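Trainee:
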Amino acid sequence: MADIGISCWVNEATSHTCDRSFKRRGGRGRPLLTDNRETTSESLGRVQKETITMAILTIILLVSTAFALGDARIRPMTPCERARYAATHGPIGAYIPTCDAAGRYTPKQCSGSTGYCWCVTTTGQKIQGTETPPGTAIKC
Numbered sequence: 001m002a003d004i005g006i007s008c009w010v011n012e013a014t015s016h017t018c019d020r021s022f023k024r025r026g027g028r029g030r031p032l033l034t035d036n037r038e039t040t041s042e043s044l045g046r047v048q049k050e051t052i053t054m055a056i057l058t059i060i061l062l063v064s065t066a067f068a069l070g071d072a073r074i075r076p077m078t079p080c081e082r083a084r085y086a087a088t089h090g091p092i093g094a095y096i097p098t099c100d101a102a103g104r105y106t107p108k109q110c111s112g113s114t115g116y117c118w119c120v121t122t123t124g125q126k127i128q129g130t131e132t133p134p135g136t137a138i139k140c
């Protein structure tokens, strides 16, 4: 095809006059503009800055999460928590003990399946004579 006098950049160091067939085959004029009217190098610079920013934000998130998790203390399960775990992984309808935030038995225990409640000692042993039917108030 005929030379139409369009200056094309083959790479950053050289330029020459291109014909239409070069443009049709993917040749590009200088500067190549994106939708945002940035040159290719400006676009690459922006992408690199965004990548670095995301990496920094990810590191900050990981470090802050590690500090937050470091505040938690891992302690062995208490007898109440072990009994509760065993009951939740046992047969359906079994009595599941209630534990407080420290893992101790709460004084009042109730059966979810029957509705009966009773008082227990600090070791979780039922106190005789404290069992009440569903809907009856109990004070332990």
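Quick note: the sequence shown uses full-length UniProt numbering, first residue 1, plus one each step. Idealized CB from N, CA, C, for every residue including glycine. The structure displayed is predicted, hence computed values, not measured ones.
1. Please go through the same chain and pick out, in chain order, the residues whose beta-carbon is closer than 6 angstroms to the beta-carbon of Cys110, but skip the five residues on each side of it.
2. Around the C-beta of Pro133, are 16 or more other C-beta atoms found within 10 angstroms, so that it is buried, or is it exposed?
3. Taking only the alpha-carbon atoms, compute the straight-line gap between Gly129 and Ile60 and give it to the nearest angstrom.
4. Taking all protein chains shown into account, decide if Ile127 is buried (16 or more other Cβ within 10 angstroms of its Cβ) or exposed.
5. Please report the straight-line C-alpha distance between Pro97 and Arg73, rounded to a whole angstrom.
6. Count the other C-beta atoms from every protein chain shown that fall within 10 angstroms of the C-beta of Cys80, then say buried if there are 16 or more, exposed otherwise.
7. Let's test the definition: count the other Cβ atoms within 10 Å of the Cβ of Cys140 and tell me whether it reaches 16, buried, or not, exposed.
8. Starting from Cys80, follow the alpha helix (DSSP H) in both directions and report where the run begins and ends.
9. Using the beta-carbon count (16 or more within 10 Å), is Val47 buried or exposed?
10. On a CA-only basis, which of Thr40, Thr65 and Arg84 is nearest Tyr95? Give me that one, please.
11. So if DSSP puts Val63 in a beta bridge, which residue, or which two residues, is it bridged to?
12. In this structure, what does DSSP give as the bridge partners for Gln48?
13. Starting from Lys139, trace the beta strand (DSSP E) in both directions and tell me its first and last residue.
14. With distances taken between CB atoms, is the gap from Gln121 to Arg104 smaller than 8 angstroms?
15. Return helix, strand or coil for Tyr132, following the three-state DSSP convention.
Mentor: A quick look at the data gives this:
1. Counted from its first residue, the sequence shown places residue 110 at position 110. Here the set comprises Cys117.
2. Counted from its first residue, the sequence shown places residue 133 at position 133. Answer is exposed; the Cβ neighbour count stays below 16.
3. For the purposes of this step, residue 129 is taken as residue 129 along the sequence shown, with counting starting at 1. For the purposes of this step, residue 60 is taken as residue 60 along the sequence shown, with counting starting at 1. Distance between the alpha carbons of Gly129 and Ile60: 58 angstroms.
4. In the sequence shown, the residue the question calls residue 127 occupies position 127. With fewer than 16 Cβ atoms within 10 Å of its Cβ, Ile127 is classed as exposed.
5. The residue labelled residue 97 in the question sits at position 97 within the sequence shown. The residue labelled residue 73 in the question sits at position 73 within the sequence shown. Answer to the nearest angstrom: the Cα atoms are 23 angstroms apart.
6. Against the sequence shown, residue 80 aligns to sequence position 80. Burial call: buried.
7. As a first step, residue 140 is located in the sequence shown; it is residue number 140 there, counting from the start. Answer is exposed; the Cβ neighbour count stays below 16.
8. For the purposes of this step, residue 80 is taken as residue 80 along the sequence shown, with counting starting at 1. Looking at the DSSP string, the run of the alpha helix (DSSP H) that includes Cys80 is Pro79 to Thr88.
9. On the sequence shown, residue 47 is found 47 positions in, with the first residue counted as 1. Label assigned to Val47: exposed.
10. As a working mapping, residue 95 is identified with position 95 in the sequence shown. Closest by alpha carbon: Arg84.
11. In the sequence shown, counting from the first residue as 1, residue 63 sits at position 63. Bridge partners of Val63: none, in fact.
12. Counting from 1 along the sequence shown, the entry for residue 48 is found at position 48. DSSP output for Gln48 lists no bridge partner at all.
13. Residue 139 sits at position 139 when you count from the first residue of the sequence shown. Looking at the DSSP string, Lys139 is not in any beta strand (DSSP E), and its letter there is neither H nor E.
14. Here residue 121 refers to the residue found at position 121 of the sequence shown. Here residue 104 refers to the residue found at position 104 of the sequence shown. According to the sequence shown, residue 121 is Thr rather than Gln. Taking 8 angstroms as the Cβ cut-off, Thr121 and Arg104 do not qualify as a contacting pair.
15. Along the sequence shown, read from residue 1 onward, the residue named residue 132 stands at position 132. What sits at residue 132 in the sequence shown is Thr, not Tyr. Reduced to three states, the DSSP call for Thr132 is strand.
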